[in-house]
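From first to last, the protein sequence lines are chains A and B. According to our numbering, the first sequence holds residues 21 to 638 in order. According to our numbering, the second sequence holds residues 747 to 903 in order. Each residue gets a CB set at the ideal place from its N, CA and C atoms; glycine is no exception. Written below as structure tokens is the structure these notes are about.
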Amino acid sequence: MRGRGRRLARAVVGDRYGAIVLLAAVATYLLCWRVGILITDTYTVANTLVAVADGHLFVDRAVYGPGLRTPGMGLRDGQFYGRNYGQVMLALPVLAALEAVAAVASLRVALAALWGLSIVGLARLVGREVGRPALGAYAGSGFAIVAFAAAVHGATPIEPAERYLIALQLQTMGAAALVGVFVYRLLTRAYGTTVGVAAGLATALATPVGVWAQFPKRHVLVTLCAVGTAYLLYRSREDGGVDTRYRALAYVPVGVAAWVSAAEGAVLLVALLVVDVPTGGRDVRSIAAAGATAVVAALPMVVTNYLVTGNAGEPPRTLSAGGSGSLAERGSTSTGADGGEASGASGDAGGGSADPTAAGDTGGSETLDAFVGAVEFLFELLWRGLRTLLREPETLFVTFVRGGYVAGVAERDAGEAIRLTVLEAMPLAAGLVAVPVVAARLDLRERAAAFRRRPWPRPSALRTVDAFAVVYTVALLLVYLPRLPVHASLTVRYLLACYPMAVYGLARLPSVRRVLRERTRLCAATVASALLVGGQLLVLYQWAIDATMGEAVQTHALVGLATAGLLAAWAVADGLGWRRDRLGAVALGLAAAAGAAFVLLAGLWHFAFVGPRALPLW
Amino acid sequence: MRADRAVVAGTVVLLVGTSVAAGPLVGLPLLEPEPADPGTGSVEATVADPPARVTLEATDFGAGYDLRGPPVPVTLSEVAGRPYLSYTVAVPALGHQTTSLTVVEADGRMRLTMTPSTLSEAAVDADSYEGRVAIHAIDDDGRRVVAETEVTVEVRE
Chain A
21 MRGRGRRLAR AVVGDRYGAI VLLAAVATYL LCWRVGILIT DTYTVANTLV AVADGHLFVD
81 RAVYGPGLRT PGMGLRDGQF YGRNYGQVML ALPVLAALEA VAAVASLRVA LAALWGLSIV
141 GLARLVGREV GRPALGAYAG SGFAIVAFAA AVHGATPIEP AERYLIALQL QTMGAAALVG
201 VFVYRLLTRA YGTTVGVAAG LATALATPVG VWAQFPKRHV LVTLCAVGTA YLLYRSREDG
261 GVDTRYRALA YVPVGVAAWV SAAEGAVLLV ALLVVDVPTG GRDVRSIAAA GATAVVAALP
321 MVVTNYLVTG NAGEPPRTLS AGGSGSLAER GSTSTGADGG EASGASGDAG GGSADPTAAG
381 DTGGSETLDA FVGAVEFLFE LLWRGLRTLL REPETLFVTF VRGGYVAGVA ERDAGEAIRL
441 TVLEAMPLAA GLVAVPVVAA RLDLRERAAA FRRRPWPRPS ALRTVDAFAV VYTVALLLVY
501 LPRLPVHASL TVRYLLACYP MAVYGLARLP SVRRVLRERT RLCAATVASA LLVGGQLLVL
561 YQWAIDATMG EAVQTHALVG LATAGLLAAW AVADGLGWRR DRLGAVALGL AAAAGAAFVL
621 LAGLWHFAFV GPRALPLW
Chain B
747 MRADRAVVAG TVVLLVGTSV AAGPLVGLPL LEPEPADPGT GSVEATVADP PARVTLEATD
807 FGAGYDLRGP PVPVTLSEVA GRPYLSYTVA VPALGHQTTS LTVVEADGRM RLTMTPSTLS
867 EAAVDADSYE GRVAIHAIDD DGRRVVAETE VTVEVRE
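This is the structure in structure tokens:
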């Protein structure tokens, strides 16, 4: 029994360092966790979980929200159906575990205990790795007991009705922590432990993955699927050949992503096919295994589609005709900014709404038409994205660089400029501006000669993952670009899966790896001191000006952009041959700390309106 | 067994044991009782000196204008349960209204504050507006007006 548990743990986290990344992320997420709903379409998902836990797919009880007519709820034959059924089904084990714990223990105290245990575990593992196991055990135990007592003191019991939401939130937090773990595992295999651990921690704690960890939307789960696919793809090409087992396994996360959200799964599938088919070789058995796995992995989605919409090719989302959520109610109202109701135009990417003319056909061909329509629809989305990119390139600026107060968006965010761009939310991404410089300085002539040689050599495992990351990021961007900037997105949540890809890209830069390896201590010390000193100054400043939510978030934006500027300057200079490793370590540390400060303060302070903290320390 | 292992094991037993002790099987009263729903109970509130002006202040970072009202001194008596006081500021010309809720728990004097609310920059073009401040009490008897007054909304750049 013990051996089996250990094997399972090893299959998920890999090794002790993976466990450190997991526990560090979980401990932080639990600390920042607010039990509540940020965006109104989460009402729909939570009520869907209530229904599925009751044993049926249609939704008939509104445990959460104002009623059953919440954004994203679909109506078919007089019955309501939710969305993201994959997410809901995968939350069932978490819900069952919660119910089991609640049967013998106080749930609130048990959550505090879980937090304490994650601290003890983390301290023990870290203590062992740095050669001070006794110190780790004593300090961890002492800290955990104090933290546990503080969390329990003055706390109130958790209402049984909150359990569904708590299950969903725990599931997303676990998934977000695993995003960090899989980034760690991929990069450790490629570049060793130091780079791997730094990248894993940065992904989980210094990018918006950490912000979204507690909000049970589809994004974190889809991001985990994308990172999982990248990892499995890497494993399949690791030894120079193609490992059929891992190649086939890479299609499993695609099926899971499609179960959560058909459109997201389709984008992931396209990216994987584009990279895997040309580079995977022509071995028929390998191709058959991959194809069969893909079909099996898609089965849960297909069955759910059939049961919900009556058509295996139409995902539940087509019932609700779009309808993305907006921020949950706050005190303020402005005319023209009524929350909740969303027009079809602003709906989530529909995900294969088939051509209406297909409706007349019968039986199996209807399903086929829906699938064909879905493919057409996906290409239509990509084409629309390309058009937006060419016609309105300024969209890129407000999405990636500086947003500030965008009137049309803030109006729907309760009048607040609470939206960060990709760079503001993840200053580390600024290091990627050095990619063209580094690429240009590689020996181009030799590259060109290699390119002309036939047959092409099989690309290395890293190059395969490079291609996958680029294709996936571009596809995701094209699909969502026409709708950006959009309200209720805080940190460009539609592009959440791009953030771990950006961390991967950073780790691919030789300069970043060199600094991480040779200046590890300086880098870590910069992150720690910037968070402890700079973070507190930031809190003091925001408190002193009595910042509104918009002002607070925009302070983070400017701090993020400043650190991003420093990092970009160093990265480019290093690419041109100007070596200043100490500066690089400080720049990386500051950028990571700026991202982490937002992750922490967003949960602890700025988004207090979401609900009471799960662990009410003060 | 080494001492550090024993400490860790003891911590784990303590945390898990406390969870179970506070649970339905043992029922140790470790947690505070669930507080009453906010907005229930009763309260008598009086406002002697309602505000005469509120401000629309240009915010930093071009994030629009903040609508801020001053803290209002309120005298409370006969507080039972967890009633609310609400502080509403409305600027009809801008189509904007904001309400902040405060749970009150004890008799005496308090200063009722509001959460600033942000307006779009484009909307504000005059130097001042007509506004209205209303303080409501919300308890078992429903929602009733404690004070309501016309105010000047002063725009500050």
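{"query": "Within the same chain, show all residues whose beta-carbon is closer than 6 Å to that of T805 (chain B), passing over the 5 residues directly before and after it, in chain order.", "result": "D812"}
{"query": "Under three-state DSSP, which class holds Y49 (chain A)?", "result": "helix"}
{"query": "Shorter than 8 Å from the beta carbon of V753 (chain B) to some beta carbon of chain A?", "result": "yes"}
{"query": "Go through its chain and collect everything with a Cβ distance to S363 (chain A)'s Cβ below 7 Å, but skip five positions before and after it.", "result": "With a pLDDT of 31 at S363 (chain A), under the threshold of 50, the modelled position of this residue cannot be trusted; read the value that follows with caution. Same-chain partners within the cutoff: there are none."}
{"query": "Counting contacts by CB-CB distance shorter than 8 Å, is T801 (chain B) in contact with chain A?", "result": "no"}
{"query": "Buried or exposed: which applies to W403 (chain A), given that a residue is buried once 16 or more other Cβ atoms fall within 10 Å of its Cβ?", "result": "exposed"}
{"query": "Less than 8 Å between CB atoms is the rule here; does D853 (chain B) satisfy it with respect to chain A?", "result": "no"}
{"query": "Quick check: is the beta carbon of T355 (chain A) nearer than 8 Å to any beta carbon in chain B?", "result": "Confidence at T355 (chain A) is low in this model, with a pLDDT of 37, below 50, so the placement of that residue is unreliable and no value is reported for it."}
{"query": "Under a three-way DSSP split, which group does A362 (chain A) fall into?", "result": "Only weak support exists for where A362 (chain A) lies, its pLDDT of 32 falling under 50; the coordinates are left without a value."}
{"query": "Closer than 9 Å between beta carbons: that is the criterion. Which residues of the stretch 776-788 of chain B meet it against chain A?", "result": "L776, L777, E778, P779, E780, P781"}
{"query": "Tell me the rounded alpha-carbon separation between R902 (chain B) and V231 (chain A).", "result": "34 Å"}
{"query": "Would you say R128 (chain A) reaches chain B, if we count a Cβ-Cβ gap shorter than 8 Å as a contact?", "result": "yes"}
{"query": "Would you mind giving the Cβ-Cβ distance between V547 (chain A) and G604 (chain A), rounded to the nearest angstrom? I have them listed as a contact below 8 Å.", "result": "Wrong, their Cβ atoms sit about 14 Å apart, outside the cutoff."}
{"query": "Using a Cβ cut-off of 8 Å (strictly closer), state whether R633 (chain A) contacts chain B.", "result": "no"}
{"query": "What are the boundary residues of the alpha helix (DSSP H) that L935 (chain B) is part of?", "result": "Absent from the model: residue 935 (chain B). The displayed extent of chain B is 747 to 903, so no value can be given."}
{"query": "Keeping to the same chain, check which residues put their C-beta closer than 7 Å to that of T90 (chain A); ignore five residues upstream and five downstream.", "result": "T60, D61, Y63, T64"}
{"query": "Based on Cα-Cα distance, which residue from A:T243, A:V217, A:R267 lies nearest to R305 (chain A)?", "result": "A:R267"}
{"query": "Any Cβ of chain A within less than 8 Å of the Cβ of P797 (chain B)?", "result": "no"}
{"query": "Using a Cβ cut-off of 8 Å (strictly closer), state whether L771 (chain B) contacts chain A.", "result": "yes"}
{"query": "What are the boundary residues of the beta strand (DSSP E) that T213 (chain A) is part of?", "result": "Premise fails: T213 (chain A) lies in the alpha helix (DSSP H), 213-225, not in any beta strand (DSSP E)."}
{"query": "For the alpha helix (DSSP H) that contains M321 (chain A), what are its first and last residues?", "result": "304-329"}
{"query": "Should L831 (chain B) be flagged as near chain A, meaning a C-beta pair shorter than 8 Å?", "result": "no"}
{"query": "Using the DSSP secondary-structure output, state which residues sit across from L139 (chain A) in a beta bridge.", "result": "In the sequence as displayed, the identity of residue 139 (chain A) is Ile instead of Leu. Beta-bridge pairing links I139 (chain A) to no other residue."}
{"query": "Who does P819 (chain B) pair with in a DSSP beta bridge?", "result": "B:R857"}
{"query": "Using the Cα positions of T419 (chain A) and A495 (chain A), report the straight-line distance between them to the nearest angstrom.", "result": "16 Å"}
{"query": "Please list, in chain order, the residues of the stretch 538-567 of chain A that have any C-beta partner in chain C closer than 9 Å.", "result": "Going by chain labels, chain C is absent from the structure shown, which instead holds the protein chains A and B."}
{"query": "In the DSSP assignment, what are the bridge partners of G595 (chain A)?", "result": "Answer is none; G595 (chain A) lacks a bridge partner."}
{"query": "I'd like the list of long-range same chain contacts for A277 (chain A), defined as Cβ closer than 6 Å, with 5 residues on each side in sequence excluded.", "result": "V242, C245, E284, G285, L288"}
{"query": "For Y830 (chain B) versus P784 (chain B), is the C-beta spacing smaller than 8 Å?", "result": "yes"}
{"query": "So which residues of chain B does P153 (chain A) contact, with C-beta pairs closer than 7 Å?", "result": "D750"}
{"query": "Just to make sure I have the definition right: I need the residues of chain A whose C-beta is within less than 7 Å of the C-beta of D812 (chain B). Which are they?", "result": "T568"}
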